[in-house]
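For the sequence shown, this note's numbering begins at 298 and goes up steadily by one. Don't be surprised by glycine CBs; every beta carbon is placed ideally from N, CA and C.
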Amino acid sequence: MTGVPGLLRRGGFRLLVLACAMLLAGQARAADEPRLALVIVNGAYQSFDRLGATYADGEKIATALNATGFVDASGEGPVQVRRDLSREAMLQAIAQFREKLAAAGPKAFGTLYFSGHGAALGSYGDVMLLPVDASRDVSAETATLTRAALTRNLLGSGAKTVLIVLDMCRNVLSAPPPALVQTIATETGVDAGAVGELAGSKGLRRMVRAPEAAIRPDQGYLVAFSTSPDQVAFDDGIFSKVLAEEMRRPQQNIADALKRVSDRVALSSGKNFQKPTFDYGLQGAPPCFISCDRSSNDRFYDCANCPWMRAIPAGITAYGSPPSEPGRGGDEPLQADVRIDRPFAIGVYEVTVAEWSACVRDNACPKLGNWAKENPNPLIPATDISYEDAQAFLAWISVQSGRAYRLPTEQEWEYADRGGAQTAFPWGDDIGPSQANYDHTASYRGSDTAPYRGYPEVVSGYPPNAFGLNQMQGNVWEWTSGCTDPSCRARIIRGGSFQSAPGELRSANRFTLPPGKRRQDAGLRVVRDLEADEAGNAS
Numbered sequence: 298m299t300g301v302p303g304l305l306r307r308g309g310f311r312l313l314v315l316a317c318a319m320l321l322a323g324q325a326r327a328a329d330e331p332r333l334a335l336v337i338v339n340g341a342y343q344s345f346d347r348l349g350a351t352y353a354d355g356e357k358i359a360t361a362l363n364a365t366g367f368v369d370a371s372g373e374g375p376v377q378v379r380r381d382l383s384r385e386a387m388l389q390a391i392a393q394f395r396e397k398l399a400a401a402g403p404k405a406f407g408t409l410y411f412s413g414h415g416a417a418l419g420s421y422g423d424v425m426l427l428p429v430d431a432s433r434d435v436s437a438e439t440a441t442l443t444r445a446a447l448t449r450n451l452l453g454s455g456a457k458t459v460l461i462v463l464d465m466c467r468n469v470l471s472a473p474p475p476a477l478v479q480t481i482a483t484e485t486g487v488d489a490g491a492v493g494e495l496a497g498s499k500g501l502r503r504m505v506r507a508p509e510a511a512i513r514p515d516q517g518y519l520v521a522f523s524t525s526p527d528q529v530a531f532d533d534g535i536f537s538k539v540l541a542e543e544m545r546r547p548q549q550n551i552a553d554a555l556k557r558v559s560d561r562v563a564l565s566s567g568k569n570f571q572k573p574t575f576d577y578g579l580q581g582a583p584p585c586f587i588s589c590d591r592s593s594n595d596r597f598y599d600c601a602n603c604p605w606m607r608a609i610p611a612g613i614t615a616y617g618s619p620p621s622e623p624g625r626g627g628d629e630p631l632q633a634d635v636r637i638d639r640p641f642a643i644g645v646y647e648v649t650v651a652e653w654s655a656c657v658r659d660n661a662c663p664k665l666g667n668w669a670k671e672n673p674n675p676l677i678p679a680t681d682i683s684y685e686d687a688q689a690f691l692a693w694i695s696v697q698s699g700r701a702y703r704l705p706t707e708q709e710w711e712y713a714d715r716g717g718a719q720t721a722f723p724w725g726d727d728i729g730p731s732q733a734n735y736d737h738t739a740s741y742r743g744s745d746t747a748p749y750r751g752y753p754e755v756v757s758g759y760p761p762n763a764f765g766l767n768q769m770q771g772n773v774w775e776w777t778s779g780c781t782d783p784s785c786r787a788r789i790i791r792g793g794s795f796q797s798a799p800g801e802l803r804s805a806n807r808f809t810l811p812p813g814k815r816r817q818d819a820g821l822r823v824v825r826d827l828e829a830d831e832a833g834n835a836s
């Protein structure tokens, strides 16, 4: 089995003030939300390869946790790194951690970080943390150190939020023997006959925990894996480095932070690639490491590299353009009201290069030219995408998430774009360089001009529309499911791009392309139907 995982000194008064502000923020949080963390790193294995980078991984994470208001699992003092623990020592540390979380009260936030060897239990798919004295034989005792058992155990403390980060391999060992199956069933509260159906992490699903997993309905958990099912996590520290950085980034909750970690690792240029995944059971607005972005509370995602989504309610929209609208195309329908009968979820942003790169790494999407070479920001939109390429990505995230993703219909796209507006653009009948990324040298009805930029910008680069969706206008064209004839020899893209004249960004504008055609300014935004328990949140 291959190895697992894998205070900056800065001068200046301004950074000192920032550090003090972060410390005070952490102290204020601690009064209302007690934060405890257990960090375990195992490297000196007896029956497995020894690990080198795991100790540094633990120190990075402990430093980040200390900077964000956590105290040690013992209940006081800075977070300590516990090294090379035997099975007995790991069980003792976890038992003490649970005890201290219980004493901290119902608002406690507990984090467990483990770096070391790990493995998946055959078709059962759950993962076990390996102590340094672990043998290669699977026994019933192993079930006490599985992901499921740890989650259930720590939530049993009564803590409001439990974050478990497993920076370890998920290579498959032989299937558990019958005696272990029964033990697993007892530990997880799942019927023994269903144990084999729990196959690993199929992506992040909201609200997918067993009813017995928590004491109170407001409790939640997030389990983050540094790599995907059946895969290796390399002893190079990239996951822990990125995670430690994101823990200290303000204006994001823990779900935001882990999504960004996954995106950044997916874009890593190192020779060793691993793709983080999550098991998500957070309730309500997740807690934050530093500070929260309030606008992110009603968005979600279904797997680590799935796009951020937002639920859109059913409703009525203006569709098409009036005859008097400047720039109106001959293929645009005469504006009339159209009813969208069912709520749906749509991407908050255009699909990013990080999300597309994860699909490429899985050999499910073609490797395309993109603008990330000039700008490695993970929030640059994926471009040079044909309709057929888009279908490959949709198939991939449907498998990753267990949900059926698709392109929006033209009616859905225009409804989501307008946000109730009947004007040429969602914000009115005029347009200016501060409102979207297009060819700013061109004018629409005498609008202001600006120098030409000539490249796509980050997907969050302009203010959101009335539905909280970013860059529906400009940046990159977005594929829809619409076509021009019964045989769909040509498909419809919407929204305009960074190369477009401003009139092409009108909500009703349509542009036609063959399904196999790639353009350097064409990307996509995804949609999926909402399930019954989700549709109520879209009102």
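- For the pair Val558 and Pro753, the Cα-to-Cα distance works out to about 22 Å.
- Counting only unbroken stretches of 3 or more residues, the beta strand (DSSP E) elements lying wholly within the region 600–631 are 606–609, 612–616, in sequence order.
- If you look at Gly644, you'll find it in the beta strand (DSSP E) that goes 641–644.
- A direct Cα-Cα distance of roughly 28 Å separates Arg591 from Ser654.
- Contact between Gln708 and Val635 holds, with the beta-carbon distance rounding to 5 Å and staying under 8 Å.
- When DSSP states are grouped into helix, strand and coil, Ala633 belongs to the strand group.
- Pairing Ala390 with Ala370 gives a Cβ-Cβ distance under 8 Å.
- Here Pro723 has Asp714, Arg715, Gly716, Asn762, Ala763, Met769, Gln770, Ser804 as same chain residues with Cβ atoms under 8 Å from its own Cβ, once five neighbours each way along the sequence are excluded.
- Secondary structure note for Ile694: its alpha helix (DSSP H) is the uninterrupted segment 684–698.
- Ranking Thr738, Phe795, Trp776 by CA distance to the CA of Tyr759 puts Phe795 first.
- Around the beta-carbon of Pro705, 16 or more other beta-carbon atoms lie within 10 Å, marking it buried.
- Of the candidates Arg742, Gly729, Val756, Gly729 places its Cα closest to the Cα of Pro748.
- When the beta-carbon positions are compared, Thr649 and Ile694 stay at least 8 Å from each other.
- Contact check for Tyr684 and Arg825: beta-carbon distance about 18 Å, past the 8 Å limit, so the pair fails to qualify.
- As computed with DSSP, Phe722 is found in a beta bridge with Gly725.
- According to DSSP, residue pairing for Ala334 in a beta bridge involves Asp369, Thr408.
- In the three-state reduction of the DSSP assignment, Arg596 falls in the strand class.
- Nearest Cα to Glu396 within the set Asp745, Thr809, Arg546, Leu335: Leu335.
- In terms of CA proximity to Thr781, Pro811 leads the group Pro811, Gly792, Asn594, Ala615.
- Taking the Cα of Val368 as reference, the smallest distance to any Cα among Ser344, Leu409, Cys603 is reached at Leu409.
- Bridge pairing for Glu775: Arg791, Gly820 [DSSP].
- Taken through DSSP and simplified to helix, strand or coil, Tyr352 comes out as helix.
- A direct Cα-to-Cα measurement between Pro783 and Tyr735 gives close to 32 Å.
- The beta carbon of Ile613 sits closer than 8 Å to the beta carbons of Asp634, Val635, Arg636, Ile637 from its chain, once the five residues preceding and following it are set aside; these are given in chain order.
- Between Met465 and Ser525, the CB-CB gap reaches or exceeds 8 Å.
- In this chain, the beta strand (DSSP E) harbouring Val462 covers 458–464.
- Taking a cut-off of 8 Å on C-beta distances, the region 542–550 does not touch the region 601–616, as fewer than three cross pairs fall below it.
- Thr458 places its beta carbon 8 Å or farther from that of Pro331.
- Contact between Gly407 and Leu463 fails: their C-beta atoms lie close to 15 Å from each other, not under 8 Å.
- Contact annotation: Ala661 and Ala687 have beta-carbon atoms that are not nearer than 8 Å.
- As the crow flies, the alpha-carbon of Ala405 is around 23 Å from that of Ser412.
- Annotation for Arg700: Asp599, Arg825 place their beta carbon closer than 7 Å to its own, counting only its chain and skipping 5 residues before and after.
- Linking Ala718 to Asp818 through their CA atoms gives a straight-line distance of about 26 Å.
- At a Cβ-Cβ threshold of 8 Å, Arg788 and Pro623 do not count as neighbours.
- A residue is called buried when at least 16 other Cβ atoms come within 10 angstroms of its Cβ; Lys357 meets this threshold and is buried.
- Approximately 10 Å separates the beta-carbon atoms of Ser740 and Asp727; this is outside 8 Å, ruling out the contact.
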